[in-house]
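Visitor: Numbering (my numbering), first residue to last: 339 to 507.
What follows is a structure written as structure tokens; I'll ask about it next.
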């Protein structure tokens, strides 16, 4: 905690939703979440549940120049009503794979498996068109075993960021 800012880093896991509820309960003044080094999530269900809960709080998410988010942490960043990225920060996206090895790229666009993520984006306030555009962008840019680093222009064009600002350093 730093005043009204919650700083997060590390992997999102099954404890994250309850930890967030506890932190917000103890610090109701939180209006900004600053993401540091967050390589992703090891529990997609917990990540999406925790992210949806935070989205309802109406906070801003902020990714500083030294920040790096990827995979499930990128979904978490999307919960901000305002999503600010400093130039130099890294945002990585890729396709998902399930435990059997099936990936999002293996499925046709109308497969119901995509709805889990598209529905998440809609649930945090995105239109259906925005949700589908961003989701399919992420799975088409890199396979599950790789990562694609978005450009600042792509962050703005896809809606991932509402603002890209000069680094404060």
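Quick reminder that beta carbons are idealized off the backbone N, C-alpha and C, glycines included.
Would you tell me roughly how many angstroms separate the C-alpha atoms of residue 475 and residue 401, rounded to the nearest one?
Guide: On the chain shown, position 137 is the one that residue 475 refers to. On the chain shown, position 63 is the one that residue 401 refers to. Between residue 475 and residue 401, the C-alpha separation is close to 20 Å.
Visitor: Could you spell out the range, first to last residue, of the alpha helix (DSSP H) harbouring residue 493?
Guide: By one-based count along the chain shown, residue 493 stands at place 155. Element bounds for residue 493: 490-496.
Visitor: With a CB to CB cut of under 6 Å and the five nearest residues on each side skipped, what residues in its chain are close to residue 406?
Guide: Residue numbering aside, residue 406 sits at position 68 when the chain shown is read from its first letter. 375, 428.
Visitor: Residue range of the beta strand (DSSP E) that residue 476 falls in?
Guide: Your numbering for residue 476 matches position 138 in the chain shown. It is not in any beta strand (DSSP E) - residue 476 instead sits in the alpha helix (DSSP H) that spans 466-479.
Visitor: Near residue 358, what residues of its chain come up, given a Cβ to Cβ distance below 8 Å and the 5 sequence neighbours on each side ignored?
Guide: Taking the first residue of the chain shown as position 1, residue 358 is located at position 20. Result list for residue 358: 388, 391, 392, in chain order.
Visitor: Using the rule of at least 16 other Cβ atoms within 10 Å of the residue's Cβ for burial, across every protein chain shown, is residue 397 buried or exposed?
Guide: The residue labelled residue 397 in the question sits at position 59 within the chain shown. Its Cβ being crowded by 16 or more others within 10 Å, residue 397 is buried.
Visitor: Under a Cβ-count criterion, where at least 16 other Cβ atoms within 10 Å of its own Cβ denotes burial, should residue 355 be classed as buried or exposed?
Guide: Reading the chain shown from its first residue, position 17 is the one you call residue 355. Its Cβ being crowded by 16 or more others within 10 Å, residue 355 is buried.
Visitor: Kindly indicate which residue of 472, 467, 431 has the alpha-carbon position closest to the one of residue 484.
Guide: For this step, residue 484 is matched to residue 146 along the chain shown. Checked all of 472, 467, 431; the closest Cα to residue 484 is 431.
Visitor: With a 10 Å radius around its C-beta and 16 neighbouring C-beta atoms as the bar for buried, classify residue 353 as buried or exposed.
Guide: Locating residue 353 in the chain shown gives position 15, counting from the first residue. Under this definition residue 353 is an exposed residue.
Visitor: Mind checking which residues open and close the beta strand (DSSP E) that includes residue 419?
Guide: Indexing the chain shown from 1 puts residue 419 at position 81. Taken as a continuous stretch (DSSP letters only), residue 419 belongs to no beta strand (DSSP E), as it is neither H nor E.
Visitor: Would you kindly check if the distance between the Cβ of residue 471 and the Cβ of residue 496 is under 8 Å?
Guide: In the chain shown, residue 496 corresponds to position 158, counting from 1. In the chain shown, residue 471 corresponds to position 133, counting from 1. Taking 8 Å as the Cβ cut-off, residue 496 and residue 471 qualify as a contacting pair.
Visitor: From 351, 409, 498, 434, pick the residue whose C-alpha is nearest to that of residue 464; which is it?
Guide: Residue 464 sits at position 126 when you count from the first residue of the chain shown. Among 351, 409, 498, 434, the Cα nearest to that of residue 464 is on 498.
Visitor: Does DSSP put residue 399 in a helix, in a strand, or in coil?
Guide: Residue 399 sits at position 61 when you count from the first residue of the chain shown. Residue state, collapsed to three classes: strand.
Visitor: Return the CA-CA distance between residue 502 and residue 368, expressed in angstroms with no decimal places.
Guide: In the chain shown, counting from the first residue as 1, residue 502 sits at position 164. In the chain shown, counting from the first residue as 1, residue 368 sits at position 30. Straight-line Cα distance between these residues: approximately 22 Å.
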